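Have a look at the structure below before the remarks.
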Amino acid sequence: MSKLDNKKFMVCCANGAGSSLMMKMTLQKTLKKLGVTPASLHHCALSEGKSAAMNYDIVFCARNFVGTFADAQKKGTIVLGLRNIMSQPEMEKALKDAGLLD
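Reading the sequence shown from the start, the letters are residues 59 to 160 in the working numbering.
Shown next, in the form of structure tokens:
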């Protein structure tokens, strides 16, 4: 069992339409490769994500949006910023660098 099993994940992009859906699919592939079974995966716009983030364990977003989630981070949500939001290797590295992979 992974440290990431049963965690709630959220991915955010500026508008919550295409990019966040593609980012969600990339995260699904990454977690499957790692053998992780998440409790939930949600994609949304930054505006929704800002208020909902504290209800999730881990948030992925573009690096320039990380500061948007400062309040959620203070409450324990892990926010991981990505340069390329469609990169499986970058998602995996972000999880590893945050100490979330066994």
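Built from N, CA and C at the ideal position, the CB exists for glycine as well.
This one's a predicted model, so the numbers in the text were calculated from it and none came from an experiment.
Residue from the options whose Cα sits closest to the Cα of residue i
| i | options | result |
| --- | --- | --- |
| residue 77 | 101, 63 and 97 | 101 |
| residue 85 | 116, 160, 127 and 128 | 116 |
| residue 134 | 113, 126 and 148 | 113 |
| residue 146 | 160, 130, 118 and 125 | 118 |
Beta-carbon separation (whole angstroms), residue i vs residue j, contact threshold 8 Å
| i | j | result |
| --- | --- | --- |
| residue 62 | residue 96 | 7 Å |
| residue 123 | residue 104 | 6 Å |
Beta-bridge partners of residue i, as assigned by DSSP
| i | result |
| --- | --- |
| residue 68 | 100 and 117 |
| residue 136 | 116 |
Residue range of the unbroken beta strand (DSSP E) whose run includes residue i
| i | result |
| --- | --- |
| residue 89 | Taken as a continuous stretch (DSSP letters only), residue 89 belongs to no beta strand (DSSP E), being part of the alpha helix (DSSP H) at 76 to 92. |
Boundaries of the alpha helix (DSSP H) in which residue i is found, first to last residue
| i | result |
| --- | --- |
| residue 151 | 146 to 155 |
Cβ-based burial, residue i [other Cβ within 10 Å; buried from 16]
| i | result |
| --- | --- |
| residue 91 | exposed |
Residue-chain proximity (residue i, chain C), Cβ-Cβ < 7 Å
| i | result |
| --- | --- |
| residue 90 | Annotation note: the requested chain C is absent from the structure, which comprises a single protein chain. |
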